[in-house]
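Numbering (this note's numbering), first residue to last: 1 to 161. Ideal placement from N, C-alpha and C gives every residue a C-beta, glycine not left out.
Listed below in C-alpha coordinates is the structure:
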(Lines of atoms letter the chains of each structure in order from A and count residues from 1; the text may use other names and numbers.)
(Lines give C-alpha, C1' and ligand atoms only; values in the text may rest on other atoms or scores of the structure.)
Protein backbone atom coordinates (compact mmCIF):
# COMPACT_ATOMS: atom_id res chain seq x y z
CA UNK A 1 0.00 0.00 0.00
CA UNK A 2 1.09 3.57 -0.59
CA UNK A 3 1.82 5.43 2.60
CA UNK A 4 2.87 4.47 6.09
CA UNK A 5 0.61 1.59 7.19
CA UNK A 6 -0.38 1.54 10.86
CA UNK A 7 -2.39 -1.20 12.53
CA UNK A 8 -4.35 -0.05 15.57
CA UNK A 9 -4.13 -2.93 18.02
CA UNK A 10 -3.72 -3.34 21.81
CA UNK A 11 -0.45 -5.22 21.17
CA UNK A 12 1.15 -2.12 19.63
CA UNK A 13 3.50 0.48 21.03
CA UNK A 14 1.70 3.11 23.13
CA UNK A 15 0.63 6.20 21.19
CA UNK A 16 1.83 9.50 22.63
CA UNK A 17 2.50 13.11 21.62
CA UNK A 18 6.01 12.28 20.44
CA UNK A 19 4.59 9.65 18.07
CA UNK A 20 1.92 12.11 16.87
CA UNK A 21 4.65 14.61 15.94
CA UNK A 22 6.62 11.88 14.15
CA UNK A 23 3.56 10.78 12.16
CA UNK A 24 2.68 14.39 11.28
CA UNK A 25 5.90 14.55 9.24
CA UNK A 26 4.90 11.63 7.00
CA UNK A 27 3.29 12.28 3.61
CA UNK A 28 0.61 9.58 3.78
CA UNK A 29 -0.80 7.49 6.60
CA UNK A 30 -2.99 4.42 6.29
CA UNK A 31 -4.74 3.56 9.57
CA UNK A 32 -6.08 0.00 9.64
CA UNK A 33 -8.77 -0.82 12.21
CA UNK A 34 -9.62 -4.24 13.55
CA UNK A 35 -13.05 -5.18 14.82
CA UNK A 36 -14.09 -7.45 17.73
CA UNK A 37 -11.37 -10.10 17.68
CA UNK A 38 -8.80 -7.94 15.91
CA UNK A 39 -6.89 -8.84 12.75
CA UNK A 40 -6.02 -11.93 10.82
CA UNK A 41 -2.44 -12.46 12.03
CA UNK A 42 -1.12 -12.40 8.47
CA UNK A 43 -1.90 -8.69 8.04
CA UNK A 44 0.84 -7.75 10.52
CA UNK A 45 3.40 -8.55 7.79
CA UNK A 46 2.06 -5.63 5.73
CA UNK A 47 2.16 -3.03 8.50
CA UNK A 48 4.95 -0.53 9.01
CA UNK A 49 4.06 -0.31 12.68
CA UNK A 50 1.43 -1.24 15.26
CA UNK A 51 0.06 1.40 17.63
CA UNK A 52 -2.05 1.06 20.77
CA UNK A 53 -4.00 3.77 22.59
CA UNK A 54 -3.53 1.99 25.89
CA UNK A 55 -4.05 -1.12 27.94
CA UNK A 56 -7.75 -1.59 27.29
CA UNK A 57 -9.90 -3.23 24.64
CA UNK A 58 -12.61 -1.62 22.51
CA UNK A 59 -15.07 -3.21 20.08
CA UNK A 60 -13.16 -1.83 17.11
CA UNK A 61 -10.28 0.39 16.06
CA UNK A 62 -12.39 3.19 14.58
CA UNK A 63 -12.29 5.39 17.67
CA UNK A 64 -8.56 4.76 18.03
CA UNK A 65 -8.10 5.80 14.38
CA UNK A 66 -10.07 8.99 15.03
CA UNK A 67 -7.93 9.78 18.09
CA UNK A 68 -4.67 9.21 16.18
CA UNK A 69 -5.99 11.25 13.24
CA UNK A 70 -7.00 14.16 15.46
CA UNK A 71 -3.67 14.20 17.32
CA UNK A 72 -1.72 14.14 14.03
CA UNK A 73 -3.85 16.51 11.92
CA UNK A 74 -3.82 19.28 14.53
CA UNK A 75 -0.02 19.37 14.17
CA UNK A 76 -0.15 19.94 10.40
CA UNK A 77 0.51 23.49 9.20
CA UNK A 78 -2.71 25.43 8.74
CA UNK A 79 -4.98 23.10 10.73
CA UNK A 80 -5.00 25.31 13.85
CA UNK A 81 -3.16 28.44 14.93
CA UNK A 82 0.52 27.69 15.53
CA UNK A 83 0.47 29.28 18.99
CA UNK A 84 -2.03 26.62 20.03
CA UNK A 85 0.56 23.87 19.54
CA UNK A 86 3.67 25.72 20.77
CA UNK A 87 3.33 24.85 24.47
CA UNK A 88 1.34 21.69 25.00
CA UNK A 89 1.08 18.87 27.46
CA UNK A 90 3.76 16.22 27.08
CA UNK A 91 6.06 18.27 24.81
CA UNK A 92 8.60 18.71 27.61
CA UNK A 93 7.62 15.69 29.70
CA UNK A 94 5.09 17.69 31.74
CA UNK A 95 1.38 18.30 31.65
CA UNK A 96 0.40 21.73 30.39
CA UNK A 97 -0.04 24.55 32.89
CA UNK A 98 -3.63 25.34 34.04
CA UNK A 99 -5.82 27.33 31.65
CA UNK A 100 -8.25 30.06 32.72
CA UNK A 101 -11.12 31.91 31.06
CA UNK A 102 -13.57 34.58 32.24
CA UNK A 103 -14.85 35.50 34.77
CA UNK A 104 -11.81 36.53 36.77
CA UNK A 105 -13.30 34.83 39.84
CA UNK A 106 -15.64 31.84 39.62
CA UNK A 107 -17.37 30.83 42.84
CA UNK A 108 -14.40 31.84 44.96
CA UNK A 109 -11.79 30.36 42.61
CA UNK A 110 -9.81 33.31 41.20
CA UNK A 111 -7.44 33.39 38.26
CA UNK A 112 -3.90 33.78 39.70
CA UNK A 113 -2.99 37.49 39.88
CA UNK A 114 0.43 36.92 38.27
CA UNK A 115 -1.37 36.23 34.97
CA UNK A 116 -2.64 39.83 34.94
CA UNK A 117 0.75 41.36 35.82
CA UNK A 118 1.99 42.01 32.28
CA UNK A 119 5.37 40.61 33.36
CA UNK A 120 5.98 38.03 30.63
CA UNK A 121 8.99 36.44 32.34
CA UNK A 122 7.09 36.05 35.63
CA UNK A 123 4.12 34.54 33.77
CA UNK A 124 6.44 32.15 31.90
CA UNK A 125 8.04 31.06 35.19
CA UNK A 126 4.61 30.65 36.85
CA UNK A 127 3.46 28.48 33.94
CA UNK A 128 6.56 26.30 34.19
CA UNK A 129 6.14 25.83 37.94
CA UNK A 130 2.38 25.25 37.64
CA UNK A 131 2.98 22.61 34.95
CA UNK A 132 5.44 20.82 37.23
CA UNK A 133 3.02 20.92 40.18
CA UNK A 134 0.14 19.71 38.02
CA UNK A 135 2.28 16.85 36.71
CA UNK A 136 3.36 15.88 40.25
CA UNK A 137 -0.30 15.78 41.32
CA UNK A 138 -1.91 14.04 38.35
CA UNK A 139 0.83 12.20 36.43
CA UNK A 140 3.92 11.61 38.60
CA UNK A 141 4.85 8.75 36.26
CA UNK A 142 5.83 11.38 33.67
CA UNK A 143 8.41 12.83 36.07
CA UNK A 144 9.97 9.41 36.59
CA UNK A 145 10.26 8.50 32.93
CA UNK A 146 9.47 11.59 30.85
CA UNK A 147 7.04 11.43 27.92
CA UNK A 148 9.81 10.56 25.49
CA UNK A 149 11.79 8.28 27.79
CA UNK A 150 13.96 11.03 29.24
CA UNK A 151 13.66 12.26 32.82
CA UNK A 152 11.78 15.51 33.28
CA UNK A 153 13.63 17.98 35.45
CA UNK A 154 12.57 20.54 38.01
CA UNK A 155 12.19 24.07 36.59
CA UNK A 156 15.28 26.21 36.80
CA UNK A 157 15.30 29.05 39.26
CA UNK A 158 15.48 32.44 37.60
CA UNK A 159 17.13 35.51 38.97
CA UNK A 160 14.84 38.41 39.78
CA UNK A 161 15.74 41.72 38.18
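Grouping DSSP H, G and I as helix and E and B as strand, with all else coil, what is residue i?
i, result
"residue 40", "coil"
"residue 13", "strand"
"residue 111", "coil"
"residue 95", "coil"
"residue 56", "coil"
"residue 76", "coil"
"residue 70", "helix"
"residue 28", "coil"
"residue 2", "coil"
"residue 156", "Here the model assigns residue 156 a pLDDT of 43, short of 50, so the residue's position is not dependable, and the following value carries that caveat. Residue state, collapsed to three classes: coil."
"residue 105", "strand"
Give a yes or no on whether the C-beta atoms belonging to residue i and residue j are separated by under 8 Å.
i, j, result
"residue 8", "residue 73", "no"
"residue 43", "residue 29", "no"
Expressed to the nearest angstrom, what Euclidean distance is found between the alpha-carbon atoms of residue i and residue j?
i, j, result
"residue 121", "residue 54", "37 Å"
"residue 141", "residue 71", "21 Å"
"residue 118", "residue 60", "49 Å"
"residue 47", "residue 145", "28 Å"
"residue 78", "residue 131", "27 Å"
"residue 31", "residue 39", "13 Å"
"residue 80", "residue 57", "31 Å"
"residue 24", "residue 105", "39 Å"
"residue 128", "residue 108", "24 Å"
"residue 148", "residue 22", "Note that residue 148 has pLDDT 42, beneath the 50 cutoff, so the model's placement of it is unreliable and the number below is only indicative. Taking the straight line joining both Cα atoms gives about 12 Å."
"residue 133", "residue 124", "14 Å"
"residue 103", "residue 139", "28 Å"
Using alpha carbons as the reference points, say which of the options lies closest to residue i.
i, options, result
"residue 135", "109, 115, 98 and 111", "98"
"residue 75", "20, 10 and 144", "20"
"residue 101", "143, 112 and 39", "112"
"residue 17", "132, 45 and 93", "93"
"residue 27", "2, 37 and 40", "2"
"residue 36", "29, 44, 62 and 105", "62"
"residue 95", "143, 41 and 110", "143"
"residue 51", "33, 13 and 138", "13"
"residue 10", "34, 105 and 22", "34"
"residue 115", "126, 107 and 109", "126"
"residue 66", "45, 15 and 110", "15"
Measuring from the CB of residue i, is there a heavy atom of the ligand ADP at a distance below 7 Å?
i, result
"residue 57", "For the ligand ADP, the structure offers nothing, since it holds no ligand at all."
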